[in-house]
Structures are given as C-alpha cells and as structure tokens.
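Q:
2 protein chains.
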Amino acid sequence: MRQLGIGELARQVGMRPSALRYYESVGLLPAAERAAGRRVYPAGIVRRIALIKMAQRAGFTLAEIRGLLDADAERGATRQWRALAESKLPELDRFIEQTQILRDAVADCLACGCMNFEKCELLSADGPGS
Amino acid sequence: MRQLGIGELARQVGMRPSALRYYESVGLLPAAERAAGRRVYPAGIVRRIALIKMAQRAGFTLAEIRGLLDADAERGATRQWRALAESKLPELDRFIEQTQILRDAVADCLACGCMNFEKCELLSADGPGS
DNA sequence: CCTTGACCTCAAGTGCGCTTGAACCATGAG
DNA sequence: CTCATGGTTCAAGCGCACTTGAGGTCAAGG
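Note that the protein sequences, when read in sequence, are chains A and B. One point on numbering: in our numbering, the residue at position 33 of the first sequence is 33, and numbering is uninterrupted. All you need for our numbering is the position in the second sequence, starting with 1, plus 130.
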C-alpha cells in the first residue's frame with residue numbers, strides 16, 4: 001500500500017500540513033507512524049480525512065467528529081457512537097432540508113427576476129421558523 | 131405592524147441581543163430605528179434573520195451574506211447579486227449532495243451494524259473526492 | 001425618591017480552527 | 001562539504017463570530 005509524506009497528503013486532500021498536524025494534536029487523526037522522525041501515512045488516511053471534511057461542512061465540530069470516529073477505535077464505545085449518530089441524524093435531516101430551501105430560494109429568486117431575495121414571494125411559502 | 135424590542139426579537143429568533151447588535155455593527159442588519167435610544171424592529175426583520183441563519187448554516191460567511199442581502203438595497207448591484215447567487219448555486223448543490231452522502235452514510239452505518247464508520251463498505255460506493 | 005431592569009456604547013475577551021515563526025534535524029544533489 | 005528541501009516541536013498569533021464587562025441612560029413601580 002502506498003505511503004504518503006505529510007506534504008503529499010496535504011496536497012491530495014487540499015489542506016496544509018499544519019492542519020494535519022493540528023488534527024493529530026487534537027486526536028482527530030491517529031498519531032502517524034514515523035520514518036526518521038517524519039510522519040508517514042497509509043493511503044487509506046485520505047478517506048478518513050474526506051470523512052472529516054464532510055462532517056465538518058455539515059456543521060459538526062471537530063470534537064464531535066472525533067467522538068464519532070473514536071467510537072470505531074474504542075470497543076466499548078459502540079453504544080456511544082449509536083447514540084451520537086442517532087441524535088445527529090434528525091439534525092442532519094433538518095439541515096439538509098433547510099439548505100435545500102435556501103438553494104431553491106436562491107434559484108427561484110434568480111428565475112423569477114424579482115431581484116430581491118429578502119422580500120421574494122417565493123420565500124413566503126415555507127416559513128423558515130427557528 | 132408589530133414592533134419588537136431587541137430582547138424580544140432575540141428571543142424569537144433564538145439569539146442573544148449582543149449578536150443582533152453585532153450584526154448591525156457589521157452591516158448585516160440595517161441600523162434599527164430608535165425610540166428613546168432603543169432599537170425598535172419591525173416584525174418583518176425576523177424573516178431577514180431567518181434567512182441569514184439559513185445561509186450561515188449553508189457555509190456562507192457573514193460577509194458573503196451581507197453581499198447577497200446588500201444587493202437588495204443597492205439598485206445598481208443587481209448584476210453583482212446575480213453573479214454571486216449564480217456562483218453560489220453549484221456550490222450549494224455540491225454541498226447538499228455531500229451532506230446527503232454523509233447523512234446516508236451515518237444512517238446506513240447504523241443500519242448495517244458494522245459499527246465502524248470509517249471502514250464501512252457502504253461508504254466506498256461514492257468516493258468523496260476533492 | 002430610589003430601585004429595578006432593560007436597554008445603550010465601546011473595548012476587550014473567548015473559542016474554534018487553524019497558521020505562522022523560531023529553532024532545529026535529516027536526506028539528497030552539486 | 002554545503003546547502004536546499006522538507007520535515008520536526010512548541011508557543012504564539014489570527015480571523016471569524018460573537019460574548020462579556022464597565023459604565024451610563026431611561027421609564028415604570030413601590
């Protein structure tokens with residue numbers, strides 16, 4: 001399996017090495033193996049980072065993401081992982097729904113030509129409460 | 131039309147008064163009318179704030195949101211608003227897609243019982259690139 | 001009259017998610 | 001051998017989105 005240096009990995013995932021070191025420091029990434037003092041990552045780490053980035057974009061904090069991923073490692077934490085995942089599901093649903101409303105609002109607003117996002121009638125249908 | 135004090139408004143939209151003052155200070159909210167020195171908001175402001183919160187959750191910075199909403203005010207900025215909105219649409223689409231992948235991943239992972247989010251086979255189908 | 005409470009301003013502080021800087025080490029090319 | 005490249009640690013700094021604190025104003029109520 002292909003091995004990556006921190007710079008190479010950073011390039012692949014579109015981050016800076018400092019960010020990866022930071023992730024390691026807060027326990028989001030496992031402490032990488034060292035070759036002559038340098039971090040060496042298995043290619044599979046890319047998936048984990050992609051996952052982290054997705055979750056992050058979805059509004060999870062790094063601490064929450066660590067919670068989700070740690071559950072994999074800790075054998076006893078399965079229950080915790082279930083609980084966290086289950087509690088987050090409706091949140092994610094709500095979030096997706098809201099984002100779609102926004103997306104459609106922007107699209108409709110462009111289409112309808114009113115050029116006034118705030119007052120656009122098309123936005124009145126849903127009523128984005130709370 | 132109903133008028134709101136800052137505290138009342140804050141309660142309605144689930145924020146603190148300080149956040150609303152902050153929004154005003156950065157130009158996200160128009161400088162509210164004052165009655166005896168106090169801010170008085172028209173009820174319609176709730177919609178604007180809801181909009182701001184949605185956009186924010188979708189990953190827009192406050193500066194970007196201000197850009198979107200300012201376009202309403204500035205007559206000449208219609209072109210800018212179109213451009214910004216159009217440029218953001220594919221971003222929003224990509225974002226929704228990614229979030230749905232994450233949501234489904236979490237859901238499937240709960241369902242499949244593998245209890246290993248990171249290595250779950252169900253995640254291998256998509257390949258969250260970039 | 002005096003207090004209470006909600007509001008005001010302005011400056012400074014907070015937490016998150018990194019980035020930057022200083023000082024150092026190891027490998028490879030010229 | 002020398003030096004560039006790219007890595008290391010650790011502490012401090014930064015930008016965003018607010019929050020908090022100090023010190024003051026105003027209107028209603030006991």
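Idealized CB from N, CA, C, for every residue including glycine. All of these numbers come straight from a predicted model, not from anything done at the bench.
Taking the runs of the alpha helix (DSSP H) that are 4 residues or longer, which of them lie wholly in the stretch 134-162 of chain B?
A: Fully enclosed alpha helix (DSSP H) runs of 4 or longer: 136-143 and 147-155.
Q: Could you give the DSSP three-state label for residue 110 of chain A: helix, strand or coil?
A: Stepping through the first sequence from its first residue, residue 110 of chain A is reached at position 110. In the structure shown, residue 110 of chain A sits in a helix (DSSP, three-state: H, G or I).
Q: For residue 206 of chain B, count the other beta carbons within 10 Å of its own beta carbon; 16 or more makes it buried, fewer makes it exposed. Which is it?
A: The residue you call residue 206 of chain B lines up with position 76 of the second sequence. Residue confidence is low: residue 206 of chain B scores 48 on pLDDT, short of 50, so the model does not pin down where it sits. No coordinate-derived value is stated.
Q: Closest by CA to residue 100 of chain A, which one among B/236, B/238, B/235 and B/220?
A: By one-based count along the first sequence, residue 100 of chain A stands at place 100. Residue B/220 is the option with its Cα nearest to residue 100 of chain A.
Q: Checking 8 Å against the spacing of the C-beta atoms, do residue 24 of chain A and residue 31 of chain A come in under that value?
A: Position 24 of the first sequence, counted from the first residue, corresponds to residue 24 of chain A. Position 31 of the first sequence, counted from the first residue, corresponds to residue 31 of chain A. Closer than 8 Å, so yes.
Q: Give me the Cα-Cα distance between residue 226 of chain B and residue 93 of chain A, rounded to the nearest whole angstrom.
A: What you label residue 226 of chain B is simply residue 96 of the second sequence in a count that begins at 1. What you label residue 93 of chain A is simply residue 93 of the first sequence in a count that begins at 1. Taking the straight line from one Cα to the other gives about 11 Å.
Q: Suppose contacts are defined by Cβ-Cβ distances below 8 Å. Is residue 17 of chain A in contact with residue 7 of chain A by that definition?
A: Mapped onto the first sequence, residue 17 of chain A falls at position 17. Mapped onto the first sequence, residue 7 of chain A falls at position 7. Going by C-beta atoms, residue 17 of chain A is nearer than 8 Å to residue 7 of chain A.
Q: Pull up the CB-CB distance for residue 4 of chain A and residue 50 of chain A, whole angstroms please, since I reckon it's below 8 Å.
A: Position 4 of the first sequence holds residue 4 of chain A. Position 50 of the first sequence holds residue 50 of chain A. Actually they do not touch by this definition, with Cβ atoms about 14 Å apart.
Q: Per DSSP, residue 169 of chain B forms a beta bridge with which residues?
A: Within the second sequence, residue 169 of chain B is the residue found at index 39, counting from 1. BP columns for residue 169 of chain B point to B/164.
Q: So, using beta-carbon positions, are residue 15 of chain A and residue 228 of chain B closer together than 8 Å?
A: Residue mapping note: residue 15 of chain A aligns to position 15 of the first sequence, counting from 1. Residue mapping note: residue 228 of chain B aligns to position 98 of the second sequence, counting from 1. Not closer than 8 Å, so no.
Q: Measure from the C-beta of residue 99 of chain A to each C-beta in chain B and report whether the shortest distance is under 8 Å.
A: Taking the first sequence and counting its residues from 1, the one referred to as residue 99 of chain A is at position 99. So, interface residue.
Q: Give me the Cα-Cα distance between residue 29 of chain A and residue 19 of chain A, rounded to the nearest whole angstrom.
A: The residue labelled residue 29 of chain A in the question sits at position 29 within the first sequence. The residue labelled residue 19 of chain A in the question sits at position 19 within the first sequence. If you take the alpha carbons of residue 29 of chain A and residue 19 of chain A, they lie about 11 Å apart.
Q: So, at 6 Å on beta carbons, what are the nonlocal neighbours of residue 33 of chain A in its own chain, with the 5 sequence-adjacent residues on each side left out?
A: Residue 33 of chain A sits at position 33 when you count from the first residue of the first sequence. So the qualifying residues of the chain are 40.
Q: Could you round the C-beta distance between residue 215 of chain B and residue 110 of chain A to whole angstroms and report it? I think they count as a contact, below 8 Å.
A: Here the question's residue 215 of chain B lines up with position 85 in the second sequence. Here the question's residue 110 of chain A lines up with position 110 in the first sequence. That belief holds up - the Cβ atoms of residue 215 of chain B and residue 110 of chain A are roughly 6 Å apart, short of 8 Å.
Q: Roughly how many whole angstroms lie between the Cα atoms of residue 218 of chain B and residue 192 of chain B?
A: The residue given as residue 218 of chain B occupies position 88 in the second sequence. The residue given as residue 192 of chain B occupies position 62 in the second sequence. If I take the Cα positions, the gap works out to 14 Å.
Q: Would you verify that the beta carbon of residue 170 of chain B is, or is not, closer than 8 Å to some beta carbon of chain A?
A: Indexing the second sequence from 1 puts residue 170 of chain B at position 40. With 8 Å as the cut-off, residue 170 of chain B does not count as an interface residue toward chain A.
Q: Going along chain B, which residues have a C-beta under 9 Å from residue 89 of chain A?
A: Here residue 89 of chain A refers to the residue found at position 89 when the first sequence is read from its first residue. Simply 233, 236, 237 and 240.
Q: Counting along the chain, where does the alpha helix (DSSP H) carrying residue 177 of chain B start and finish?
A: Along the second sequence, read from residue 1 onward, the residue named residue 177 of chain B stands at position 47. Residue 177 of chain B -> alpha helix (DSSP H) spans 175-187.
Q: Are the C-beta atoms of residue 175 of chain B and some chain A residue less than 8 Å apart?
A: In the second sequence, the residue the question calls residue 175 of chain B occupies position 45. Not an interface residue.
Q: Anything in chain A within Cβ reach of residue 102 of chain B, meaning under 7 Å, just list it in chain order.
A: There is simply no residue 102 of chain B to check, as chain B begins at 131 and stops at 260 in what is shown.
Q: Among A/37, A/10 and A/38, which one has its Cα closest to the Cα of residue 48 of chain A?
A: Locating residue 48 of chain A in the first sequence gives position 48, where the first residue counts as 1. Ranking A/37, A/10 and A/38 by Cα distance to residue 48 of chain A puts A/10 first.
Q: Establish whether the CB of residue 92 of chain A and some CB of chain B are separated by less than 8 Å.
A: The residue given as residue 92 of chain A occupies position 92 in the first sequence. Cβ-Cβ to chain B under 8 Å: yes for residue 92 of chain A.
Q: Once the 5 residues before and after residue 66 of chain A are set aside, which same chain residues still bring their CB inside 8 Å of it?
A: As a working note, residue 66 of chain A is residue 66 in the first sequence. Closer than 8 Å at Cβ, skipping near neighbours: 26, 27 and 28.
Q: Given a cut-off of 8 Å, decide if residue 68 of chain A and residue 188 of chain B are closer than it, judged by their beta-carbon atoms.
A: As a working note, residue 188 of chain B is residue 58 in the second sequence. As a working note, residue 68 of chain A is residue 68 in the first sequence. In this structure, residue 68 of chain A does not lie closer than 8 Å to residue 188 of chain B by Cβ.
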